[in-house]
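Each position in the sequence shown, counted from 1, maps to that position plus 5 in the numbering used here. Beta carbons: idealized from backbone N, C-alpha and C, even for Gly. Treat the numbers as computed from the prediction; the structure is a model and nothing was measured.
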Amino acid sequence: MKSHRAPRFQLGLALTLILGLALTPVLSMAADPPRIVGTWEGVLDPGAQAKKRVVVHISAEQDGSLSGTIDYPDQDVSGIQITAITYKAHILHFESTPNLSSFDGTLNKDNTEIAGTWKQGGTPLTLTLKRTS
Numbered sequence: 006m007k008s009h010r011a012p013r014f015q016l017g018l019a020l021t022l023i024l025g026l027a028l029t030p031v032l033s034m035a036a037d038p039p040r041i042v043g044t045w046e047g048v049l050d051p052g053a054q055a056k057k058r059v060v061v062h063i064s065a066e067q068d069g070s071l072s073g074t075i076d077y078p079d080q081d082v083s084g085i086q087i088t089a090i091t092y093k094a095h096i097l098h099f100e101s102t103p104n105l106s107s108f109d110g111t112l113n114k115d116n117t118e119i120a121g122t123w124k125q126g127g128t129p130l131t132l133t134l135k136r137t138s
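Written as structure tokens, this is what we have:
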């Protein structure tokens, strides 16, 4: 009588290897979040009005997409949703529909600052966001 254990073992081993190889990109992506992920703080200076601190929180979802929120500590406002966000080749763009704002900036080589333009209500302002701990 022939044993059927060997082919079953080989099939099980093959399925385990295939599953392991399929999960490798997901695990490596989860272990290495994009450089843009973190908390960033800057100061808007609208000239005639008072300066306003801005804190931007960017996180990576399990599927690799980015999400975030905006806080205005000087106004006791926090958690304003970022409704669209992209980051590619050191270029960050995000929009927030609730407060009619957007930001376009470039992450520096040290991954410590994002220099760019903040627009709120159509008015462009220079803004540099610095990584905070």
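Sequence-distant residues of its chain with Cβ nearer than 7 Å to residue i (five each side left out)
i, result
"Val42", "Ile63, Ser64, Ala65"
"Thr88", "Glu100, Ser101, Thr102"
"Gly154", "Lying before the first or after the last residue shown, residue 154 is absent from the chain, which here runs from 6 to 138."
The beta strand (DSSP E) enclosing residue i, as first and last residue numbers
i, result
"His98", "96-101"
"Ile90", "89-93"
"Gly126", "No beta strand (DSSP E) holds Gly126; DSSP gives it neither H nor E."
Simplified DSSP state of residue i, which is helix, strand or coil
i, result
"Asp79", "helix"
"Glu66", "coil"
"Arg40", "coil"
"Gln86", "strand"
Per DSSP, cross-strand counterpart(s) of residue i
i, result
"Ala120", "Thr111, Thr133"
"Ser72", "Ser64"
Buried versus exposed, by CB contacts within 10 Å (16 or more), residue i
i, result
"Val61", "buried"
"Gly127", "exposed"
Other residues of its chain near residue i: CB distance less than 6 Å, five sequence neighbours each side excluded
i, result
"Asp79", "Lys57, Arg58"
"Arg95", "The question names Arg, but residue 95 is His in the sequence shown. Closer than 6 Å at Cβ, skipping near neighbours: Thr111, Leu112."
"Ser106", "Gln125"
Cβ neighbours of residue i in the same chain (closer than 8 Å, five flanking residues each side left out)
i, result
"Asn104", "Ile75, Ile85, Gln125"
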